[in-house]
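>
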Amino acid sequence: MDSTLKQMLDGFSFSLNNYSNTLSPDNEKLMRAKELMASLTEKAEAGADMVSISTDPDFAAVGMLLGELASEPPAPQEERASAPQQSQAGSAAGGVPPASIAAAGYHMAFDALPAGAQEKQSKYYQRIFDIEAASPDAVHFNTMLIEDGVLFEMSREPLIESARETLEKAEDVHSPTVNHQQSLAEETYAAVSTVAELEYCGTLMAELSNVEHEWDGMFIEVMGLLPACAQAIEAFGPTDENVGKLRNSRRFMAEIWGIIWDDVFRDNRYLLFWNRVFWPRVPMEKRQKYDVHSAEGWRDLLKEKFYDPYIMDEPSVEHYPSRAIVSLWGKEYSADRTLSLLEDPPRPLISRS
Amino acid sequence: MSDTFEMQKRYFTSQLKQFRTRPALNRARISDCEYYIEMLEDTGTLEEFMARIRETGNMVSTAKAESSDRYSNRAFIYEQLGQERKVEADRRRLDLIDAASTHIELAQSLEDFEQDNRLEFLENQAIMAVGSIIRAVFHLATDPPGSGARTRNLANLKAYWKLFAEADPEASWERLLSYRPYRDRIIFTDEQLALLEPVFREVRNNG
Numbered sequence: 000m001d002s003t004l005k006q007m008l009d010g011f012s013f014s015l016n017n018y019s020n021t022l023s024p025d026n027e028k029l030m031r032a033k034e035l036m037a038s039l040t041e042k043a044e045a046g047a048d049m050v051s052i053s054t055d056p057d058f059a060a061v062g063m064l065l066g067e068l069a070s071e072p073p074a075p076q077e078e079r080a081s082a083p084q085q086s087q088a089g090s091a092a093g094g095v096p097p098a099s100i101a102a103a104g105y106h107m108a109f110d111a112l113p114a115g116a117q118e119k120q121s122k123y124y125q126r127i128f129d130i131e132a133a134s135p136d137a138v139h140f141n142t143m144l145i146e147d148g149v150l151f152e153m154s155r156e157p158l159i160e161s162a163r164e165t166l167e168k169a170e171d172v173h174s175p176t177v178n179h180q181q182s183l184a185e186e187t188y189a190a191v192s193t194v195a196e197l198e199y200c201g202t203l204m205a206e207l208s209n210v211e212h213e214w215d216g217m218f219i220e221v222m223g224l225l226p227a228c229a230q231a232i233e234a235f236g237p238t239d240e241n242v243g244k245l246r247n248s249r250r251f252m253a254e255i256w257g258i259i260w261d262d263v264f265r266d267n268r269y270l271l272f273w274n275r276v277f278w279p280r281v282p283m284e285k286r287q288k289y290d291v292h293s294a295e296g297w298r299d300l301l302k303e304k305f306y307d308p309y310i311m312d313e314p315s316v317e318h319y320p321s322r323a324i325v326s327l328w329g330k331e332y333s334a335d336r337t338l339s340l341l342e343d344p345p346r347p348l349i350s351r352s
Numbered sequence: 000m001s002d003t004f005e006m007q008k009r010y011f012t013s014q015l016k017q018f019r020t021r022p023a024l025n026r027a028r029i030s031d032c033e034y035y036i037e038m039l040e041d042t043g044t045l046e047e048f049m050a051r052i053r054e055t056g057n058m059v060s061t062a063k064a065e066s067s068d069r070y071s072n073r074a075f076i077y078e079q080l081g082q083e084r085k086v087e088a089d090r091r092r093l094d095l096i097d098a099a100s101t102h103i104e105l106a107q108s109l110e111d112f113e114q115d116n117r118l119e120f121l122e123n124q125a126i127m128a129v130g131s132i133i134r135a136v137f138h139l140a141t142d143p144p145g146s147g148a149r150t151r152n153l154a155n156l157k158a159y160w161k162l163f164a165e166a167d168p169e170a171s172w173e174r175l176l177s178y179r180p181y182r183d184r185i186i187f188t189d190e191q192l193a194l195l196e197p198v199f200r201e202v203r204n205n206g
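Sequence order for the protein chains is A and B. Heads up, the first sequence is in numbering that gives the first Met the number 0, so the first residue is 0 and it goes up one at a time. Heads up, the second sequence is in numbering that gives the first Met the number 0, so the first residue is 0 and it goes up one at a time.
Written as C-alpha cells, this is what we have:
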C-alpha cells in the first residue's frame with residue numbers, strides 16, 4: 000500500500016479507535032464508520048491507489064461520520080467499548096498517535112498539488128516532513144510545528160510575495176494608491192505574527208485602499224474634465240454638442256473648483272496621469288498627423304487647436320485657488336496636495352486595543 | 000509519556016506566547032489556551048487530559064475561539080469604517096459561534112447563515128454605485144440639453160441609482176452625504192456638493 004495512503008487510513012483508524020474508547024460499541028455511526036473503514040482498507044490492500052480511494056464514496060462517508068462522531072456525547076463508562084484495534088492504527092504508547100498520522104494530511108495535500116505549485120511549496124512541506132521525522136509522536140509533531148512557525152509562514156509569505164509582485168506591476172499603472180497599498184502590505188505582513196493579525200491587517204488595508212483607489216479615479220475624471228472636452232473635439236469634431244459641453248464645463252469647473260485650464264496642468268496628480276497613462280495611449284498616427292511627440296506637445300495642441308478657439312467669445316472665468324478643495328477621509332485639503340495625500344494618505348487611525 | 004505530557008503543555012504555552020504579541024486580536028484564542036493549560040494542570044497525566052478533551056467536545060472551544068477572533072476583529076474594522084451591514088453580518092456570525100456546542104453545529108450553522116446572507120453583498124453593491132452616481136451627476140451639470148452625452152449620463156444615473164436603492168432602502172441624496180462609507184468615496188466638499196444637489200434633484204424629479 001502507498002505510504003501516504005497508509006498514513007491517511009491509519010489516521011482514520013486512530014480516530015475511530017479513540018471514539019471506541021468513549022462511545023458505546025453499538026453506536027450506529029461508530030459501527031457504520033468501522034464497516035466503511037474495513038471496506039476501504041480491503042480495497043487499499045488489494046492495490047487501490049490514493050486517487051481511487053479518495054474519490055470512493057465510502058471515503059467521503061467515513062470523513063463525514065468522523066466529523067459527526069466528534070459531536071457524539073461520551074457514553075457512560077460501563078457502556079463504553081474497549082478498543083482492541085488500537086494497535087492496528089499504529090498508536091504510540093498511552094494512546095498518542097505517531098507523528099505520521101498527524102502528518103498524513105500534509106502528505107496528501109502536497110501530493111495533490113500541481114507540479115508548479117509543488118516546486119514553490121516544497122520548502123514549507125520539506126520543513127513539515129523534517130519535523131515529522133524528528134517527532135516521536137503526534138503531540139511532539141504538533142508542538143514543533145507551532146514553534147517552528149512554518150504553518151504561519153505558509154500563510155504569510157505568499158501574501159508578501161503577491162504584494163511585491165503587484166508593486167512591480169504597479170510601475171506600469173502609475174497609481175499612487177496601488178503603490179502605497181502594496182508597499183504597506185509588504186511591510187505590514189512582514190511584521191505580523193499570528194493568523195488573526197494577518198487577516199485583520201489584510202482586511203483593514205484592503206478596505207482603506209479600496210476607498211482611496213475609487214476616490215483617486217473620481218479625482219482624475221473631475222480634474223481632467225477640460226482636457227477631456229478638448230480631446231472630444233479633436234476626436235469627434237466641433238459639433239454643437241461637444242462645443243457646448245466644453246463651454247459649460249469651463250464655466251462649471253471655475254464655479255465648483257475655481258479651476259481653469261492652466262490649473263489642470265499644474266496639478267501633480269493629474270500630470271502623473273497625463274504624462275504616464277494618457278499620453279502613451281495616444282495613437283502613433285495621431286502623433287504623426289499633428290507632428291506632436293511629447294505629452295507637453297499634446298497638451299499644447301489641445302489647448303491651441305481644440306480649446307481656445309471655442310471659448311474666444313465666451314465671458315471670462317477666473318480661477319479661485321481657495322475653491323480648489325478636496326474632501327478626503329472626512330477632512331478638507333487643497334486640491335494641489337492630492338498626489339502627496341495619496342502617496343501618504345491621512346487615513347483614520349484604526350487600531351484594536 | 001511524561002515527555003509527551005510536557006510537550007503537550009508546550010503546545011499551548013507556545014501558542015499563548017504568539018497570541019500575546021497582539022492580545023487585542025487574539026482574545027478568544029488566548030483564553031482558550033489558558034483553559035487548556037489549566038486543564039493540563041488539573042489532569043496531571045496525558046491519558047486523563049485526552050479523556051477530558053474527548054468529554055469536552057474534542058476541542059470545539061478552539062474552533063469557536065478561532066472563528067470568534069476572526070469575526071470579532073472584522074466587526075471592529077467595519078464598525079470603525081461605519082459599514083453597518085457588514086458589522087451586522089459579523090455580529091450574527093458571532094452569535095452563531097457562541098451558540099454552537101459541537102464542531103458540526105459550528106460548521107453547519109455558519110454554512111447555513113452564508114446560504115442566505117446578503118448583507119456584505121448589499122453593502123458592497125451600494126458602495127460601488129456611489130462613485131458612478133456622483134460622476135453622472137457631475138457630468139449632467141455640464142451636458143448640453145438634448146445631447147447624446149446627457150442621454151448617456153441620465154441612463155447611467157438611473158441604472159446606478161436603481162442598484163443603490165436595491166441595496167440600501169434608505170437611498171437618498173442625504174444618505175449619500177451622511178453614511179460614512181459613501182461619503183468617504185466622494186472627493187467633493189459639502190459646499191461643492193451643494194452645487195451638484197440641484198442637478199440631482201432636477202433629473203430625479205423628471206424621472
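Yeah, the Cβ is synthetic: ideal placement off N, Cα and C, and Gly gets one too. Computed from a predicted model, the values in this text were never measured in an experiment.
Report the option in A:Thr238, A:Asp171, A:Asn209 and A:Ala334 whose CA atom is closest to the CA atom of A:Met252.
Residue A:Ala334 is the option with its Cα nearest to A:Met252.
> Hey, how far is the Cα of B:His138 from the Cα of A:Leu225?
C-alpha separation (whole angstroms): 12 Å.
> Locate the alpha helix (DSSP H) running through A:Val242, then write down its first and last residues.
Start and end: Asp239 to Trp256.
> Assuming B:Ile29 and B:Phe11 are in contact, meaning their beta carbons sit under 8 Å apart, how far apart are those beta carbons, in whole angstroms?
With a Cβ gap of about 11 Å, B:Ile29 and B:Phe11 do not count as contacting.
> Using a Cβ-Cβ cut-off of 7 Å (strictly less than) and excluding sequence neighbours within five positions of A:Leu65, which residues of its own chain qualify?
Excluding sequence neighbours, A:Leu65 sits near Phe11, Ser14 and Ala32.
> Give a yes or no on whether the minimum CB-CB distance between A:Pro320 and chain B is below 8 Å.
Chain B, which has no Cβ nearer than 8 Å to the Cβ of A:Pro320, makes this no.
> Which whole-angstrom value is the C-beta distance of A:Thr3 and A:Ala103, which I expect to be below 8 Å?
Right, the Cβ-Cβ distance comes to about 7 Å (below 8 Å), so this counts as a contact.
> Pull out every residue of the segment 143 to 163 of chain B whose Cβ sits closer than 7 Å to any Cβ of chain A, in chain order.
Per Cβ criterion, the list reads Pro143, Ser146, Gly147 and Ala148.
> Could you check where the beta strand (DSSP E) with A:Glu331 kicks off and where it finishes?
Taken as a continuous stretch (DSSP letters only), the beta strand (DSSP E) holding A:Glu331 covers Lys330 to Ser333.
> Report back the beta-carbon spacing between A:Ser182 and A:Leu166 to the nearest angstrom; my notes put them in contact at under 8 Å.
6 Å between Cβ atoms; contact.
> Short check: CB of B:Leu95 to CB of B:Asp68, under 8 Å?
Against a cut-off of 8 Å, the Cβ pair of B:Asp68 and B:Leu95 comes out as no contact.
> Using three-state DSSP, classify A:Val325 as helix, strand or coil.
In this structure, A:Val325 counts as strand in the three-state DSSP scheme.
> Name the chain B residues whose beta carbon is nearer than 9 Å to that of A:Arg346?
Here the premise fails: no neighbours, minimum Cβ distance about 10 Å.
> Could you tell me whether any Cβ in chain B is nearer than 8 Å to the Cβ of A:His139?
Interface residue, yes.
> Quick test of the definition: if touching needs 3 or more C-beta pairs under 8 Å, does the segment 181 to 198 of chain A touch the segment 47 to 59 of chain B?
In short, these stretches do not touch, since the Cβ pair count stays below three.
> Under 8 Å between the Cβ atoms of A:Glu211 and A:Leu112?
Their beta carbons are not under 8 Å apart, which means A:Glu211 does not touch A:Leu112 by this criterion.
> Please classify B:His102 as buried or exposed, where buried requires at least 16 other C-beta atoms within 10 Å of its C-beta.
Its Cβ being crowded by 16 or more others within 10 Å, B:His102 is buried.
> When the cut-off is 8 Å and only beta carbons count, does A:Leu203 lie next to chain B?
At least one chain B Cβ lies under 8 Å of A:Leu203.
> Could you compute how far the alpha carbon of B:Asp142 sits from the alpha carbon of A:Thr238?
Roughly 13 Å between the two C-alpha positions.
> To the nearest angstrom, report how far apart A:Val242 and A:Cys228 are at their CA atoms.
Cα to Cα, A:Val242 sits roughly 8 Å from A:Cys228.
> Going along chain A, which residues have a C-beta under 7 Å from B:Asn57?
The answer, in chain order, is Ala69.
> Taking the alpha carbon of A:Ala101 as the point to measure from, which residue in A:Ser70, A:Ala137 and A:Glu196 has its own alpha carbon closest?
Here the closest residue by C-alpha is A:Ala137.
> If you pair each beta-carbon of the segment 141 to 149 of chain A with each one of the segment 167 to 180 of chain A, do three or more pairs fall below 8 Å?
Judged by Cβ distances under 8 Å, the segment 141 to 149 of chain A makes no contact with the segment 167 to 180 of chain A, as fewer than three pairs qualify.
> For the candidate residues A:Lys122, A:Ala205 and A:Arg126, whose alpha-carbon lies nearest to that of A:Ala162?
When each option's Cα is compared against that of A:Ala162, the closest is A:Ala205.
> Just to confirm, is the Cβ distance from B:Ala148 to A:Glu160 under 8 Å?
It is not a contact, given that the beta carbons lie outside the stated cut-off.
> Would you mind working out which of B:Ile133, B:Tyr159, B:Arg200 and B:Leu195 sits nearest A:Met217, comparing C-alpha positions?
Out of B:Ile133, B:Tyr159, B:Arg200 and B:Leu195, B:Ile133 has the C-alpha closest to the C-alpha of A:Met217.
> Taking the alpha carbon of A:Glu146 as the point to measure from, which residue in B:Lys8, B:Gln14, B:Asp2 and B:Thr3 has its own alpha carbon closest?
The shortest C-alpha separation from A:Glu146 is found at B:Gln14.
> Buried or exposed for A:Gln125, please, with buried defined as at least 16 other CB atoms from any protein chain shown within 10 angstroms of its CB.
The residue in question, A:Gln125, is exposed, as its Cβ has fewer than 16 Cβ neighbours within 10 Å.
> A:Gln120: which of A:Met153, A:Ser99, A:Val95 and A:Asp129 sits nearest, CA to CA?
Nearest option by C-alpha distance: A:Met153.
> Cutting at 8 Å between CB atoms, please list the residues of its own chain near A:Ile310, excluding the five before and the five after it.
Closer than 8 Å at the Cβ level, and outside the excluded window around A:Ile310, lie Leu245, Arg246 and Arg249.
> So if I threshold CB-CB distances at 7 Å, which residues from the segment 61 to 88 of chain B count as touching chain A?
Residues Asp68, Arg69, Asn72, Arg73, Phe75, Ile76, Gln79 and Leu80.
> If you draw a straight line from the C-alpha of A:Leu197 to the C-alpha of B:Glu47, how long is it?
Cα to Cα, A:Leu197 sits roughly 35 Å from B:Glu47.
> Counting only Cβ pairs nearer than 8 Å, list the residues of chain B close to A:Gly243.
Residues of chain B passing the Cβ test: Pro143 and Ser146.
> Do B:Ala125 and B:Ala166 count as a contact pair if the criterion is CB distance below 8 Å?
The answer is yes: Cβ separation under 8 Å.
> Would you mind listing the alpha helix (DSSP H) stretches within the segment 41 to 95 of chain B that are 4+ residues and don't spill past its ends, in chain order?
As far as the segment 41 to 95 of chain B is concerned, its whole alpha helix (DSSP H) runs of at least 4 residues are 45 to 54 and 59 to 80.
> Can you tell me the Cα-Cα spacing of A:Thr337 and B:Leu80, whole angstroms?
Spanning the two alpha carbons is a distance of roughly 22 Å.
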